[in-house]
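Visitor:
In the numbering used here, the protein residues as written are 19 to 513.
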């Protein structure tokens, strides 16, 4: 989106964000967060309790302990509880958070930095999380449950795993990934299963997983619930900044008079009228923040200095700077998650053999075919088009009559269009001659952009884990630099 493009180029007004994601900016962010009042003891107790049934790595256990210290800060990313992690960018977000924590630890060794995964367990958009794409086919988890997805029981997921098993080979990597899924999705609900899965994949890197749908943590949210549900104060503050943002860019999230849902009795329903203070104080756990309040809740309960999100997330955070100021909560440094494309080694070799560059992957398929054909033949008619333009330009200069000038221009356009039609026919004939190469380009292009969508927004970890096993994650850990916004194309050897 335009706003994200401009943000990465440091061209967005700082009235929409706090500090730019540059390593030098973090020092002031740390100082600002240090002076805010985070209930670290409560956070520690909740995390100990939530993770008590997990086999935590020493690194994660140590990170939870470190959260009690004043000089410990978090780098947070979050996502919906997608089936089997869903699209690849789920993975990339978490790797970005882990790697930024490492970078900050090196730059500011007197502090500790901990990667946190915030589970969107209170989300209710089941259609977005109930499937994965694998080898060009969609695999769905079918259930009639409703309400917040974190509470869904996991019955029926085992049959999706069985379906997937039928299309996998007999390799060790296949067996291992299926074992992980079977183990994780035998938990009682989707929240617990997703926690186990993220821990299984990222535990050794020290990830700390938080489910904020927690009665004790929601106590901290009471003042904000009162501001929004009780007094409806937040609507006008967020609206004003949203309008300013939409003067230049498209705003991402709709601001409502009340920005909370009620999540009692297995339902998640929008609150549309004022609620009494007693109700808020006695039952904060039934109030679920929407997409615009969730960031406030996050920054209220975590010693957080940076949030890593996708383009649309960064855009809706930018609607919130004034409301953060109003509530005296420090606004974190927003980091755009890394975009990664995975190109198998054999495909990279073919691509180079075809005379194509890495940057060519972003061209449209037709553009690629044309580039390839023109380089393999001498049918580029650009020179001829230039000659026609020059002839008609000379003719134009020979008259001062405006209507005759228009006629000459129109005739020139006809001739050039005729030449372009001829060029298309010549390219089509050449395409037939180079059918094998064109098919190779098409196949590789479809792997990188399945259904014309970026690979990271469509494909799941499974297909890459089959080829690379643990090397898949290790390569991401080595290559992803969260403060570098360049698109990353990886092509490691098969493991």
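From the three backbone atoms N, C-alpha and C, an ideal C-beta is built for every residue, glycine too. Note that the structure is predicted; figures quoted are calculated from it, not measured.
Below 8 Å, can you find three or more Cβ-Cβ pairs linking the segment 207–215 to the segment 168–177?
Guide: Yes, the segment 207–215 touches the segment 168–177.
Visitor: Can you give me the C-alpha to C-alpha distance between residue 160 and residue 146, rounded to a whole angstrom?
Guide: If you take the alpha carbons of residue 160 and residue 146, they lie about 13 Å apart.
Visitor: Would you mind sorting residue 158 into buried or exposed? The rule is 16 or more other CB atoms within 10 Å of its CB.
Guide: Looking at its Cβ environment, which holds fewer than 16 other Cβ atoms inside 10 Å, residue 158 is exposed.
Visitor: Answer with buried or exposed for residue 374, where buried requires no fewer than 16 other C-beta atoms within 10 angstroms of its C-beta.
Guide: Residue 374 is buried by the Cβ-count criterion.
Visitor: According to DSSP, is residue 287 helix, strand or coil?
Guide: In this structure, residue 287 counts as strand in the three-state DSSP scheme.
Visitor: Would you check if the distance between the CB atom of residue 414 and the CB atom of residue 397 is smaller than 8 Å?
Guide: Going by C-beta atoms, residue 414 is not nearer than 8 Å to residue 397.
Visitor: Where residue 353 and residue 422 are concerned, what is the direct C-alpha to C-alpha distance, given to the nearest angstrom?
Guide: One C-alpha to the other measures close to 58 Å.
Visitor: Once the 5 residues before and after residue 64 are set aside, which same chain residues still bring their CB inside 7 Å of it?
Guide: Correct list, in chain order: 232, 234, 235.
Visitor: Would you check if the distance between the CB atom of residue 459 and the CB atom of residue 508 is smaller than 8 Å?
Guide: Cβ atoms of residue 459 and residue 508: not closer than 8 Å.
Visitor: With 16 other CB atoms within 10 Å as the buried threshold, where does residue 182 fall?
Guide: By the 10 Å Cβ count, residue 182 comes out buried.
Visitor: Rank 62, 274, 313 by C-alpha distance to the C-alpha of residue 251 and give the top, closest one.
Guide: Per the Cα distances, 274.
Visitor: Have a look at residue 125 and residue 89 and give me their C-alpha separation to the nearest angstrom.
Guide: The straight-line gap from Cα to Cα measures roughly 14 Å.
Visitor: Quick one: Cα of residue 380 to Cα of residue 110, how far?
Guide: Those two C-alpha atoms are separated by around 20 Å.
Visitor: Below 8 Å on the Cβ atoms is my contact criterion, and I expect residue 355 with residue 192 to pass it. Report the Cβ-Cβ distance as a whole number of Å.
Guide: That belief does not hold up - the Cβ atoms of residue 355 and residue 192 are roughly 28 Å apart, past 8 Å.
Visitor: Report the option in 299, 384, 420, 241 whose CA atom is closest to the CA atom of residue 344.
Guide: The option with the nearest alpha carbon to residue 344 is 241.
Visitor: Beta-carbon of residue 259 versus every beta-carbon of chain C: anything under 8 Å?
Guide: The structure shown contains no chain C; it holds only a single protein chain.
Visitor: Does the segment 321–329 touch the segment 83–103, meaning 3 or more C-beta pairs lie closer than 8 Å?
Guide: Contact holds: three or more Cβ-Cβ distances are below 8 Å.
Visitor: How far does the alpha helix (DSSP H) with residue 359 in it reach, from first residue to last?
Guide: Per DSSP, residue 359 belongs to no alpha helix (DSSP H); it is in the beta strand (DSSP E), 358–360.
Visitor: For residue 100, count the other beta carbons within 10 Å of its own beta carbon; 16 or more makes it buried, fewer makes it exposed. Which is it?
Guide: Buried is the call here.
Visitor: Check this for me: beta carbons of residue 311 and residue 277, under 8 Å apart or not?
Guide: Contact: yes.
Visitor: May I have a chain-ordered list of the beta strand (DSSP E) segments no shorter than 3 residues that lie completely inside the segment 354–414?
Guide: You should have 358–360.
Visitor: DSSP three-state call for residue 75: helix, strand or coil?
Guide: It is coil, neither helix nor strand.
Visitor: Our contact map puts residue 216 next to residue 132 with C-beta atoms below 8 Å; I'd like the distance itself, whole angstroms only.
Guide: Residue 216 to residue 132, Cβ: 14 Å. No contact.
Visitor: Residue 24 by DSSP, collapsed to three states: which one?
Guide: Helix, per DSSP.
Visitor: Using beta-carbon positions only, say whether residue 106 and residue 477 come within less than 8 Å of one another.
Guide: Their beta carbons are under 8 Å apart, which means residue 106 touches residue 477 by this criterion.
Visitor: Taking C-alpha atoms, which residue in 284, 400, 268, 292 lies nearest to residue 9?
Guide: The structure shown has nothing for residue 9, since the chain only spans 19 to 513.
Visitor: Nearest-angstrom Cα distance between residue 569 and residue 77?
Guide: Residue 569 falls outside the range modelled here, since the chain spans only 19 to 513, and no answer is possible.
Visitor: Using 10 angstroms around the beta-carbon of residue 447, count the other beta-carbons present and answer buried if the total reaches 16, otherwise exposed.
Guide: By the 10 Å Cβ count, residue 447 comes out exposed.
Visitor: So is residue 229 buried or exposed if we call it buried at 16+ other beta carbons inside 10 Å?
Guide: The residue is buried, with at least 16 neighbouring Cβ atoms inside 10 Å.
Visitor: Return helix, strand or coil for residue 253, following the three-state DSSP convention.
Guide: Helix at residue 253.
Visitor: Residues in the same chain with beta-carbon distance under 8 Å from residue 190, minus the five sequence neighbours each way, listed in chain order, please.
Guide: Only 487 meet the Cβ criterion.
Visitor: Checking 8 Å against the spacing of the C-beta atoms, do residue 466 and residue 359 come in under that value?
Guide: Taking 8 Å as the Cβ cut-off, residue 466 and residue 359 qualify as a contacting pair.
Visitor: Please list the segments of the alpha helix (DSSP H) lying wholly inside the segment 217–252, counting only runs of 4 or more residues, in order along the chain.
Guide: Those alpha helix (DSSP H) runs which fall completely within the segment 217–252 and span 4+ residues are 233–237, 240–243.
Visitor: Between which two residues does the beta strand (DSSP E) holding residue 325 run?
Guide: Segment 322–327, the beta strand (DSSP E) holding residue 325.
Visitor: For residue 579 and residue 445, I'd like the C-alpha separation in whole angstroms.
Guide: The displayed coordinates of the chain run from 19 to 513. Any statement about residue 579 would go beyond what the structure contains.
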